């Protein structure tokens, strides 16, 4: 109960009865002199909501709010159940200092007069919490007049400390006039009033003004969603013993939706085997379904709800598909409006965009869809099948044709489009299995059971696919010869897919061989069941499977050859899906080898393919973006490399791509002044890298980085373990290996020439850094020999450049000739990183080469100029002495931006991270430079570290 001091006399309107009512606080009149009286004010609406037990603190979001209140408006915007109120209440209780945040919970039906009564009470309570700030602000109890607003604004502006005002459920205010006074105060209180609002939809405020000025902080569903680590913490708090491996599955299953996760925690706690129960936790369970129906679907317009339900026939839809399935010309616009609110309808970044529902909501919508009459549901599937078939998406068309009972369509799709039915995505979302074709239809047409097997294989259901395959084979014994041959080819293609799903590389190779051995059947050209199959289809499918196996094993040269052959075949056959897979992987392998122009061309071609749209192709697009990241890094374009590396995320979960991504990421981190983070990235990648060559390249980069930070002994030990020292065979063949002289022999594990050369170059650099140029020269591999053409270009260029550096002291002319050879190799591909990130003496070597009559004068001049600019970026040496404090301290916002300056993010990216305008960030950066007496970013970061500010 409130204290006696909080018991006040209130006159309940409309009667004139005076009662003693417990309210906290309650004012019967106003400092503004309105003399308004009304119903009592509820203490529960003027204090933060109670936190749900168990309480889970989410520091990253609390920190986000702390940073946000440096500006005038912070908006936490998300649909029901995304934890808005919980976050705001946790933050309000955690805020340190005075005054504590004022709190108002908005309720449905609040008029402007009622809302302002609560606002006045909250503002007065906040003002009372700080002694020495003078009289209370004259807050009116009802919608204020202009003169009252000006008095209140002036009083707030005169305060020393800002007033924090939390408005929860602000979406319940539907009248813009009710908040007009609040907007006035935000504009005219000189930053002393700061509003933090929680809402399900955009409140009636002129948000665009603050957004344009970079003064609006927005926290949406993407940030409110639980990360896997937070999911694990929540489960621990609820006492759910879920194995770590199952946590990401639960995070994906719920989409990180906070309410869904709490429902899941309660449900899993009662299960004997929580790990298995995760896969059974769906949106059609009673508690989840009831919440979604009441809080998410019920407030929607009936037409919007119908669009959502009918669109749920597909896992994801674009506007055109939604229009086709629902029969409504505005279905796409309905989805766009729902996606704008975020949370339960998500859109991807493609053009045109694709939409999908949050997983638990999708479960519920499919449950509602299944309750439609069979003929109506079948018609939806047939419409979807027709749209997919007409837009080069045969796998989706096949699934809907089977679900709609279109047996002939399903069979024709398999026969005509079988090369495009092989799955290449990892962990495809589970989709319900369509009904099995009736026995009579399969007896008449065994290919129909093959179609069912292909659909289940594409969905990742290997067991069901194998059953359908056996069923098809049982009914195909009496097929005529041409049709039987074609049937065998289709069956072997499905066997190949099943071997890939099982991860059995040996069986993949055997099945690919059987597929290549199948001949094109002869038959009437007007019979699609006996028509001649293009040999290119077989080569494209088999070659792609073999290329994927080679890449997974780290055999890069073999993978490159396989994908090149399969890409040519896919283009001859006109198979865009297979072409996308091959082009994206070819791009990455070209980039890894140093064929930068080919890599960029293949990557751009892959990204331009129509099939590289929507969620279904994110893995393939990730490979293309990773290729572009490697290209940009080798061309010394770190900002572009970082941007492409971010988009490559899905591909970096696969071992071969992960190793190449680690090489790029570590280089970016090291160049950004974070060698420790770079080393961690290399060590982690080396532990899982497939194949000896990738492992050797990672070890070589790690050794060079360790030597660069002064840990030469660890670098030497790593190179010895990696094979750059000596094996017994190498020592026996060349006794000089026993003393560490001479180039390295074949490393353990059988790394190819590129990996061995990378280790040898690293050893030479380590020895040079140790002050032993003679031994460095003996370790350097022969980069001009015939075998060197197979090395990655960056390794060959590094070896040649190091050769020039080691030669310049004894024979300047020969060093110049070597440098010219290196430039001859680098120029066609635009490779610059080996020069810009090389040994200190390279700049002087390049400068001297300008007068040698080089054929690459513009390139060399540009490299020298770039080296001089980087040298200018380095801060001058500061005299040693005790640390001193700043004459003018950094503000909280400047400290936040200073922490971002340590990263590789550009000003534009920092602005995006902090929801600020670029101009605002630039202003803060200039102030940071001035206060730290710095002229460059690196100098500012170094100075801040000296002062222990970061």
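Residue numbers (my numbering): 2 to 951. We put the beta carbon where it would ideally sit given N, CA and C, even for glycine. Please read these numbers as outputs of a predicted model, since none were measured by experiment.
Beta-ladder partner(s) of residue i, from DSSP
i           : result
residue 199 : 77
residue 105 : 168
residue 356 : 318 and 348
residue 194 : 164
Span of the alpha helix (DSSP H), counted from its first residue to its last, around residue i
i           : result
residue 647 : 639 to 648
residue 496 : 482 to 503
residue 579 : 577 to 594
residue 918 : Unbroken run through residue 918: none, as it is neither H nor E.
residue 312 : 303 to 312
residue 395 : 395 to 404
residue 92  : 85 to 95
residue 469 : 463 to 475
residue 597 : 597 to 609
residue 539 : 536 to 553
residue 613 : Counting along the chain, residue 613 falls outside any alpha helix (DSSP H), and DSSP gives it neither H nor E.
residue 149 : 147 to 158
residue 425 : Premise fails: residue 425 is in no alpha helix (DSSP H) and is neither H nor E.
residue 843 : 843 to 850
residue 388 : 375 to 390
Terminal residues of the beta strand (DSSP E) in which residue i lies
i           : result
residue 792 : Residue 792 -> no beta strand (DSSP E), and no H or E assigned at all.
residue 218 : 217 to 220
Residue burial classification, residue i (beta-carbon count within 10 angstroms, cutoff 16)
i           : result
residue 394 : buried
residue 453 : buried
residue 942 : buried
residue 267 : exposed
residue 594 : buried
residue 618 : buried
residue 749 : Confidence at residue 749 is low in this model, with a pLDDT of 36, below 50, so its placement is unreliable and no value can be given for it.
residue 456 : buried
residue 913 : exposed
residue 927 : exposed
residue 471 : exposed
residue 352 : exposed
residue 333 : buried
residue 727 : Caution is warranted here: a pLDDT of 30 is assigned to residue 727, below 50, making its placement in the model unreliable, and the coordinate value is therefore given only provisionally. Classification of residue 727: buried, given that the 10 Å Cβ count is 16 or more.
residue 259 : buried
residue 295 : exposed
residue 883 : Caution applies to residue 883, whose pLDDT of 39 falls short of 50 and renders its modelled position unreliable; the value that the coordinates give is listed next. When all chains shown are included, residue 883 counts as exposed.
residue 769 : buried
residue 213 : exposed
residue 623 : buried
residue 377 : exposed
residue 323 : buried
residue 344 : buried
residue 54  : exposed
residue 933 : buried
residue 703 : buried
residue 58  : exposed
Residue i Cβ short of 7 Å to the ligand NAP heavy atom set
i           : result
residue 599 : By its list of ligands, the structure shown contains no ligand whatsoever, and the ligand NAP lies outside what it can speak to.
For the 8 Å Cβ check, are there 3 or more pairs between the segment 473 to 481 and the segment 432 to 452? yes
Kindly confirm or deny that the segment 463 to 471 and the segment 409 to 426 touch, where touching means at least three C-beta pairs closer than 8 Å. no
Specify whether the segment 844 to 858 and the segment 886 to 902 touch according to this definition: at least 3 beta carbon pairs, one from each stretch, less than 8 Å apart. no
Decide if the segment 899 to 908 is in contact with the segment 56 to 70; the criterion is three or more beta carbon pairs, one per stretch, under 8 Å apart. no
What are the uninterrupted segments assigned as alpha helix (DSSP H) that are 4 or more residues long and contained completely in the segment 667 to 724, given in chain order? 676 to 689, 693 to 709 and 713 to 723
Tell me, please, whether the segment 166 to 178 touches the segment 99 to 114 by the rule of three or more beta-carbon pairs shorter than 8 Å. yes
Can you confirm whether the segment 218 to 230 touches the segment 90 to 97 when touching is taken to mean that 3 or more C-beta pairs between the two stretches lie within less than 8 Å? no
When you compare the segment 777 to 790 with the segment 754 to 764, are there three or more beta-carbon pairs, one atom per stretch, that lie closer than 8 Å? yes
The segment 630 to 641 / the segment 605 to 615 touching (three or more Cβ pairs under 8 Å): no
To test your reading of the DSSP string, which unbroken beta strand (DSSP E) runs of 3 or more residues are found completely within the segment 225 to 288? none
Specify whether the segment 225 to 240 and the segment 194 to 208 touch according to this definition: at least 3 beta carbon pairs, one from each stretch, less than 8 Å apart. no
Closer than 8 Å is the cut-off here; do at least three beta carbon pairs connect the segment 429 to 440 with the segment 398 to 410? yes
Per the contact definition of three or more C-beta pairs closer than 8 Å, is the segment 77 to 84 in contact with the segment 292 to 306? yes
Closer than 8 Å is the cut-off here; do at least three beta carbon pairs connect the segment 298 to 305 with the segment 263 to 282? no
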